[in-house]
Every structure is written in structure tokens, then in C-alpha cells.
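Take a look at the structure set out below.
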Amino acid sequence: MSEESNSYGKATDLLHQLEDILESDALIDELGFIHPSQFSLLNEESGISANLSDEAIHQSADRIASSDEYSQQEILCFWNRDHKLGISTHVLLPLYKAAKHAFFTAFKQYKMCGNQSDKVGICLPALASHDHLENILLRHSKSLLLLSCDFITAWNCRKLLVSKKKQISMFVDELRLSELVLSCSPKSEQAWSHRYAG
Numbered sequence: 001m002s003e004e005s006n007s008y009g010k011a012t013d014l015l016h017q018l019e020d021i022l023e024s025d026a027l028i029d030e031l032g033f034i035h036p037s038q039f040s041l042l043n044e045e046s047g048i049s050a051n052l053s054d055e056a057i058h059q060s061a062d063r064i065a066s067s068d069e070y071s072q073q074e075i076l077c078f079w080n081r082d083h084k085l086g087i088s089t090h091v092l093l094p095l096y097k098a099a100k101h102a103f104f105t106a107f108k109q110y111k112m113c114g115n116q117s118d119k120v121g122i123c124l125p126a127l128a129s130h131d132h133l134e135n136i137l138l139r140h141s142k143s144l145l146l147l148s149c150d151f152i153t154a155w156n157c158r159k160l161l162v163s164k165k166k167q168i169s170m171f172v173d174e175l176r177l178s179e180l181v182l183s184c185s186p187k188s189e190q191a192w193s194h195r196y197a198g
């Protein structure tokens, strides 16, 4: 059980790292899944030295430093340069499981919060936590959709939140997300549908 909890913790750390990358570079326009052996070649082609460049591999230094258990291979999970994002294929499954779990946990909390505000009446703390949950849902659903582009529940959740807020910047963000998903999965029905339904 300790090993299972340790691997879940690592997957959650990877999810946070991915979400931090997505948040820090909002203009990412291309996504790819890279075999771990290809990271050094990718770094060479882009003119990055073989030692881990912070610009190329957006790792949270505090997360990595706090865990000496990470091997060199595990550190090379993400590559981000010139608005291009590469994700190592060896972390796709644990990353997907962590993203799905985080999304459904936040979605459940969001629905519970919505039900409570309907019954009790809208109060300021409920609204603050509701807005916070909406931001968390947008964050987790984005990661989940990049890993599994036809996850209909995540697309529908995003549509609901964006249509509720009706902010131009959110509509633009949705177009960017669908464009990013389509860069990796050009035949994704859900991504195309989201572009027109948003």
C-alpha cells in the first residue's frame, strides 16, 4: 500500500508540474508525446546543452529537490520551448490517472457546492469557493483533455463554465485549447465540436 501511495504521489506531482507548465506558457501551440530516449536528441536539435536546462524542461525545482528518489529518466518528463510541449510517453498512464482522479474529485466538489448554494442561498464564502473550484476544474480538465482528447465529460464541463462566465478571454482560451488538442489529435471530434459550440 505504501508503494501504491508513493506512485500516486509521484503521479500527482507530475500532474502539478504539467499544469504549472500550461499555466506559465499560455501560448503553447503544439503538443507531442516523446519517447524518453528522444529528449537528448530534442535538446541537441534545439541548441540546449545536455544538462537539464530550466527553460527546456520546466520542472519545479522545489518538487524535484524535495524528492531524491527521482531518477534521471523520471526528471525528463516534460520538454517546453518556443511554445511547444513534449510529454514523455513513460508518464502518460500515471499522468492520465492522476488527471482523471483530480478532475472527478473537483467536479464532485463543484456539484456539491452548487447544490448547497441552491438550498442555503448564495453567500460570499460559498461563491468564493465556487469560483475557486471552477478554476481548479478548468485547470484539471485542460490537462485531462491533452492526455485524452475525447473525454466528453471534461469538454462539457468546460462548455458549462465558459458559457456561465461569458468572458471573451475564456472563449479565446477555449479556442487555443482546442487548437492545441488538434495539433496532436487532428481528427478529434470533440475538439472540433467544442470549437463550434463554444
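As numbered in full-length UniProt numbering, the sequence shown has no gaps in its residue numbers, which increase by one up to the final residue, 198. Beta carbons are placed, not taken as given, at the ideal position from N, Cα and C, and that holds for glycine. Keep in mind that this is a model prediction, so the values were computed, not measured.
7 Å CB neighbourhood of residue i in its chain, flanking five on each side removed
i	result
Leu-147	Leu-92, Leu-95, Tyr-96, Ala-99
Leu-31	Leu-85, Leu-146, Leu-180, Ser-183, Cys-184
Gly-9	none
Cys-157	Phe-107, Leu-137, Ser-141
Lys-165	none
Chain D within 8 Å of residue i, Cβ atoms only
i	result
Gln-167	No chain D is part of this structure, which consists of one protein chain only.
Those residues which DSSP pairs with residue i across a bridge
i	result
Lys-84	Glu-30, Arg-81
Own chain residues within Cβ distance below 8 Å of residue i, not counting five before or after
i	result
Leu-41	none
Cys-113	Ala-126, Ser-129, His-130, Leu-133
Pro-36	Gln-73, Leu-76, Ser-88, Thr-89, His-90
Gln-109	Leu-133
C-alpha gap between residue i and residue j, whole angstroms
i	j	result
Lys-111	His-90	33 Å
Gln-167	Ser-178	17 Å
Phe-171	Ser-46	32 Å
Leu-14	Gln-38	19 Å
Ile-34	Asn-43	12 Å
Ser-66	Asp-25	Interpretation of Ser-66 is limited by its pLDDT of 40, a score under 50 that renders its predicted location unreliable; the figure taken from the coordinates is listed afterwards. Distance between the alpha carbons of Ser-66 and Asp-25 is about 24 Å.
Asn-135	Ser-169	14 Å
Asp-150	Asn-6	29 Å
His-101	Glu-23	20 Å
Arg-81	Arg-176	17 Å
Other residues of its chain near residue i: CB distance less than 6 Å, five sequence neighbours each side excluded
i	result
Leu-27	His-83
Thr-12	Ala-98
Asp-29	His-83
Residue i CB to nearest heavy atom of the ligand MG below 7 Å
i	result
Asp-150	The ligand MG is not part of the structure shown, which contains no ligands of any sort.
message: Quick check: the segment 133-146 against the segment 19-34, are at least 3 beta-carbon pairs closer than 8 Å?
response: yes
- prompt: Would the segment 103-110 and the segment 76-90 be scored as touching if the rule is three or more Cβ pairs under 8 Å?
  reply: no
query: Counting pairs of beta carbons, one from the segment 132-141 and one from the segment 154-162, are three or more of them closer than 8 Å?
result: Contact between the segment 132-141 and the segment 154-162 is present: 3 or more CB-CB pairs across the two stretches fall below 8 Å.
- prompt: Considering only residues of the segment 112-181, which uninterrupted alpha helix (DSSP H) runs meet the minimum length of 4 residues and lie entirely inside it, listed in chain order?
  reply: 124-147, 152-165
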